[in-house]
Amino acid sequence: MAAIEMRNIVKRYGDGFQAVDNVSLDIADGEFIILVGPSGCGKSTLLRMIVGLEDITSGDMIIGGTRVNKKAPRDRNLAMVFQNYALYPHLTVFENIAFPLRLKKTPDAEVTEQVNRAAELLQLTEHLDRRPAHLSGGQRQRVAMGRAIVRQADAFLFDEPLSNLDAKLRGQMRTEISRMQRRLGTTTVYVTHDQTEAMTLGDRIAVLRKGVLQQVGSARQLYEEPANLFVAGFIGSPPMNFVPGRFRGGEIETPFGTVSASSERLRKVGDRELVIIGLRPEHFEDSSLVPAEKRPHGQIFTAEVDVTEWLGHELYAYVPYEAPPEVTQQLEELERELDSEQMRTQLVVALDAGSRIRSGSKAQLWFDPERMHVFDAATGENLTRDPDRVFEQDEPVSS
Amino acid sequence: MATDRKVSNWWTVWGLLILVWALFPLLWMVSLSFKDPDTFRSGEPTFFPKDWVWDNYRTVFTDSLFTSALRNSVGIALIATLLAVIVAMFAAYAIARMDFPGKKFLLGMALAIAMFPQAALVGPLFNMWRNLGIYDTWLGLIIPYLTFALPLSIWTMSAFFRQIPWEMEQAAQVDGATAWQAFRRVIVPLAAPGVFTTAILTFFFCWNEFLLAISLTSTDRARTVPAALSFFTGASQFESPITYIMAASVVVTIPVVILVLLFQRRIMAGLTAGAVKG
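Going down the list, the sequences are from chains A and B. Taking our numbering, the leading residue of the first sequence gets 1046, the next gets one more, and so forth. Taking our numbering, the leading residue of the second sequence gets 315, the next gets one more, and so forth.
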């Protein structure tokens, strides 16, 4: 067990490409942290620097109080699960799990005992004599985890371990990894590009973009108080809607009408010519379904609904709108980075499944301006963010 | 369906034709080796012998010319193969996995050596070996065999090493292995099919080689079977040595056939199957 501290970690490749840029991150002992970001954001590189498979250009990597920059992977006592599992195909499942112990010249009796215990934990007992080639994807994944468990390593590192599994198995393995981590209480760093995994698995999430750390926090903090446009667009599905807006004399002009910006939260923004307003799809509602006492808090506007999708538990409606070119450019860039296929000049709203709004009709939609996030149009910084907001749900249950 | 069957029948016919074409010399060799050396040219010639006799084999194995050549062949081929495989394994690993200056040059040179005509080297080697005192010794043959076998071995093995995913080694390193342990416990077992293939190819090359074997030897001390065969004579000068030569040829062909049959599976088996997703 050990805490991992990263101080100003930089990774620059021989060709000058900067994969990781000045990342500082403290991971507490026993914490489960997720590194997330679109492909090429440097999250895997960072993980490989922790484990020692990649040299650190500058900065300090401190594991359990010792600086490990110059240590070989085998001296760091970490366990890693690779994306393609990297099982040894010429060895049986038993020997695969026993491999790290064999290298340490552990006595046979102890090897058998430890491997059997790990196999039981991972329900692999009846497969111990088989070879990796004869196992299913989920079983291979568990063997890779077994190899990590017997090590009694200071920390577990996962590099997109579920991306090779089909959707159903992925869900199962996700719960299994989570259960295992809680049971063993080992510090865990988990790299993924899948935001469902990111939101559900860890204690904290670190979002990376082009090698730069954007925000670190619990899933709720990232969802409710994103630091910038990038985090706001990355976390949440369907993604947050971004529309252009203008602050003028305590009022905000949006493509859906002018709303008052009198609340304390929105007043901090001040007068600004052009901002980007972010609103999550689920913060809209069909105005006819909004309770009368709630209605005055929000703003009602009329929208041309292009297409609707009924999903059973909710209804998605798509509303196209025109955006000024300055904003369009910024949003297009964001879209490229996030690899999203969402068309950004349309609004996606998630309505109650009972809504009677249909494709190609005009609809009265309601939203609460208090839920709006306001971003700087040039820098993308969230102007309404409360970085100190604490979510009670994140606090551990005291017992 | 009818046309399908017709097509596949034609393939069978073709296959048989090619098989006969390829096997005919071999059959002829075997058949000759069982014919009576005194009478095989008299009377009516037949493809298969009228009386199957073991005399030729008996004579061949009592002839010290052949037995010593057989010993030389086995010894030289095995030693050269072993050395070539060990050297090539390390060289190929370095080429496949590491970046060092002059890597391209090294590979290019290896290829150039493989292209080099052996005949051009025989004269100089003959003189050099005599001056060095290794003419007509095992060492005198093992050295040039290594030289000519290594380029091919390095190329084939580095291709095998490249197929092994990097993660295998990295996983081993994270699991606590040193570079040497990772190489010996993970990479070498995974490259085993490649090592076998290379070993067999090298062995065949050394086993069959004739030009250097006849030029760099003069006595029983180091003469290998292919060279020795050309020195076979009959019991008297009126007797043809053909049947003896054929018997000896059959004897030297057998190990090759056995090797191929034995290791065919091993070579084919994709040992890396299941290592990674796929």
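Heads up, the beta-carbon is just placed ideally off N, CA and C, and yes, glycines get one too.
Quick one: Cα of residue 1286 (chain A) to Cα of residue 1174 (chain A), how far?
-> Position 241 of the first sequence, counted from the start, is the residue given in the question as residue 1286 (chain A). Position 129 of the first sequence, counted from the start, is the residue given in the question as residue 1174 (chain A). Straight-line Cα distance between these residues: approximately 53 angstroms.
Since residue 440 (chain B) is in the alpha helix (DSSP H), which residue starts that stretch and which ends it?
-> Residue 440 (chain B) sits at position 126 when you count from the first residue of the second sequence. Unbroken alpha helix (DSSP H) run through residue 440 (chain B): 432-446.
Say whether chain A places a C-beta atom closer than 7 angstroms to the C-beta of residue 503 (chain B).
-> Residue numbering aside, residue 503 (chain B) sits at position 189 when the second sequence is read from its first letter. Closer than 7 angstroms to some Cβ of chain A, the Cβ of residue 503 (chain B) qualifies, so yes.
Which residues in chain A sit within 9 angstroms of residue 482 (chain B), going by Cβ to Cβ distance?
-> Translated into the one-based positions of the second sequence, residue 482 (chain B) becomes position 168. What residue 482 (chain B) touches in chain A: 1131, 1132, 1133, 1134.
8 angstroms CB neighbourhood of residue 544 (chain B) in its chain, flanking five on each side removed | As a first step, residue 544 (chain B) must be located in the second sequence, where it is residue number 230. So the qualifying residues of the chain are 528.
Roughly how many angstroms lie between the CA atoms of residue 1079 (chain A) and residue 407 (chain B), to the nearest whole one?
-> Counting from one through the first sequence, the residue named residue 1079 (chain A) turns up at place 34. Counting from one through the second sequence, the residue named residue 407 (chain B) turns up at place 93. When rounded, the distance between both Cα atoms is 36 angstroms.
Residues near residue 1121 (chain A) by beta carbon distance below 6 angstroms, same chain, minus five either side = Reading the first sequence from its first residue, position 76 is the one you call residue 1121 (chain A). Result list for residue 1121 (chain A): 1097, 1113, in chain order.
Answer yes or no: do residue 1392 (chain A) and residue 1360 (chain A) have a C-beta to C-beta separation smaller than 7 angstroms?
-> Position 347 of the first sequence, counted from the start, is the residue given in the question as residue 1392 (chain A). Position 315 of the first sequence, counted from the start, is the residue given in the question as residue 1360 (chain A). No, these two residues do not count as a Cβ contact at 7 angstroms.
Taking all protein chains shown into account, do 16 or more other C-beta atoms lie within 10 angstroms of the C-beta of residue 443 (chain B), making it buried, or fewer, making it exposed?
-> For this step, residue 443 (chain B) is matched to residue 129 along the second sequence. Buried, by the Cβ-count rule.
Which residues mark the beginning and the end of the alpha helix (DSSP H) in which residue 471 (chain B) is found?
-> Working through the second sequence from its first residue, we reach residue 471 (chain B) at position 157. Looking at the DSSP string, the run of the alpha helix (DSSP H) that includes residue 471 (chain B) is 452-477.
What is the rounded straight-line gap between the Cα of residue 1334 (chain A) and the Cα of residue 1063 (chain A)?
-> Within the first sequence, numbered from 1, the residue matching residue 1334 (chain A) stands at position 289. Within the first sequence, numbered from 1, the residue matching residue 1063 (chain A) stands at position 18. If I take the Cα positions, the gap works out to 51 angstroms.
When the Cβ atoms of the stretch 501-514 of chain B are set against those of the stretch 430-448 of chain B, are three or more pairs found closer than 8 angstroms?
-> Too few Cβ pairs lie closer than 8 angstroms, so no.
Endpoints, alpha helix (DSSP H) assigned at residue 1273 (chain A) = Here residue 1273 (chain A) refers to the residue found at position 228 when the first sequence is read from its first residue. No alpha helix (DSSP H) contains residue 1273 (chain A), which DSSP labels as neither H nor E.
Under the three-state DSSP convention, the category residue 1340 (chain A) falls into = If you number the first sequence from 1, residue 1340 (chain A) lands on position 295. Note: residue 1340 (chain A) maps to helix in three-state DSSP.
Beta-bridge pairing of residue 1262 (chain A) - partner residues as DSSP gives them | Here residue 1262 (chain A) is taken as the residue at index 217 of the first sequence, counted from 1. Note: residue 1262 (chain A) sits in a beta bridge opposite A:1250.
Measuring only between beta-carbons, confirm whether residue 490 (chain B) sits less than 7 angstroms from chain D.
-> No chain D is present in this structure, whose protein chains are A and B.
Measure the C-alpha to C-alpha separation of residue 326 (chain B) and residue 337 (chain B) and round it to an integer number of angstroms.
-> Within the second sequence, the letter at position 12 stands for residue 326 (chain B). Within the second sequence, the letter at position 23 stands for residue 337 (chain B). Roughly 16 angstroms separates the two Cα atoms.
Segments assigned alpha helix (DSSP H), at least 4 residues, entirely inside the stretch 378-418 of chain B | 378-411
Beta-carbon proximity of residue 1248 (chain A) to residue 1076 (chain A), cut-off 7 angstroms = Within the first sequence, numbered from 1, the residue matching residue 1248 (chain A) stands at position 203. Within the first sequence, numbered from 1, the residue matching residue 1076 (chain A) stands at position 31. Contact flag set, yes.
What three-state label does DSSP hand residue 323 (chain B) in the structure shown?
-> In the second sequence, the residue the question calls residue 323 (chain B) occupies position 9. Residue 323 (chain B): helix per DSSP, three-state reduction.
What is the DSSP secondary structure of residue 1090 (chain A), reduced to helix, strand or coil?
-> Translated into the one-based positions of the first sequence, residue 1090 (chain A) becomes position 45. Helix.
Contacts that residue 1149 (chain A) makes with chain B (C-beta to C-beta distance below 8 angstroms) | Residue numbering aside, residue 1149 (chain A) sits at position 104 when the first sequence is read from its first letter. Result: 490.
Taking any Cβ of chain A, which residues in the stretch 454-488 of chain B have a Cβ under 8 angstroms from it, in chain order?
-> 479, 481, 482, 484, 485, 486, 487, 488
Is DSSP giving residue 1280 (chain A) helix, strand or coil here?
-> As a first step, residue 1280 (chain A) must be located in the first sequence, where it is residue number 235. Residue 1280 (chain A) falls in the coil class under three-state DSSP.
Where residue 1355 (chain A) sits in the DSSP three-state scheme = As a working mapping, residue 1355 (chain A) is identified with position 310 in the first sequence. DSSP places residue 1355 (chain A) in strand when its eight states are reduced to three.
Taking only runs of the alpha helix (DSSP H) that begin and end inside the stretch 555-584 of chain B, which ones reach a length of at least 4 residues, in chain order?
-> 556-582
What is the rounded straight-line gap between the Cα of residue 1378 (chain A) and the Cα of residue 1180 (chain A)?
-> As a first step, residue 1378 (chain A) must be located in the first sequence, where it is residue number 333. As a first step, residue 1180 (chain A) must be located in the first sequence, where it is residue number 135. Approximately 43 angstroms between the Cα atoms of the pair.
Please go through the same chain and pick out, in chain order, the residues whose beta-carbon is closer than 8 angstroms to the beta-carbon of residue 1152 (chain A), but skip the five residues on each side of it.
-> The sequence position of residue 1152 (chain A) within the first sequence is 107, counting from 1. Within the same chain, residue 1152 (chain A) has no close Cβ partners at all.
Measuring only between beta-carbons, confirm whether residue 1225 (chain A) sits less than 7 angstroms from chain B.
-> In the first sequence, the residue the question calls residue 1225 (chain A) occupies position 180. Contact with chain B is absent for residue 1225 (chain A), since none of that chain's Cβ atoms lies less than 7 angstroms from the residue's Cβ.
What is the C-beta distance between residue 1190 (chain A) and residue 1225 (chain A), in whole angstroms, given that I count them as a contact (C-beta under 8 angstroms)?
-> Locating residue 1190 (chain A) in the first sequence gives position 145, counting from the first residue. Locating residue 1225 (chain A) in the first sequence gives position 180, counting from the first residue. Yes, residue 1190 (chain A) and residue 1225 (chain A) are in contact; Cβ-Cβ is about 7 angstroms, under 8 angstroms.
Any idea what DSSP makes of residue 1213 (chain A), helix, strand or coil?
-> Taking the first sequence and counting its residues from 1, one reaches residue 1213 (chain A) at position 168. The answer is helix: DSSP assigns residue 1213 (chain A) an H, G or I state.
Alpha carbon to alpha carbon, how far is residue 1048 (chain A) from residue 1233 (chain A)? Give it in angstroms, no decimals.
-> In the first sequence, the residue the question calls residue 1233 (chain A) occupies position 188. In the first sequence, the residue the question calls residue 1048 (chain A) occupies position 3. Cα to Cα, residue 1233 (chain A) sits roughly 10 angstroms from residue 1048 (chain A).
For residue 1154 (chain A), which of helix, strand or coil comes out of DSSP?
-> Looking up residue 1154 (chain A) in the first sequence gives position 109. The answer is helix: DSSP assigns residue 1154 (chain A) an H, G or I state.
For residue 1231 (chain A) and residue 1074 (chain A), the rounded distance between their alpha carbons | Start at 1 with the first residue of the first sequence, and residue 1074 (chain A) comes out as number 29. Start at 1 with the first residue of the first sequence, and residue 1231 (chain A) comes out as number 186. C-alpha separation (whole angstroms): 7 angstroms.
Count the other CB atoms within 10 Å of the CB of residue 1330 (chain A); is the residue buried (16 or more) or exposed (fewer)?
-> Indexing the first sequence from 1 puts residue 1330 (chain A) at position 285. Residue 1330 (chain A) comes out buried.
Among the residues of its own chain, which have a CB less than 7 angstroms from the CB of residue 1369 (chain A), if the five just before and after it don't count?
-> Position 324 of the first sequence, counted from the start, is the residue given in the question as residue 1369 (chain A). Contacts found: 1289.
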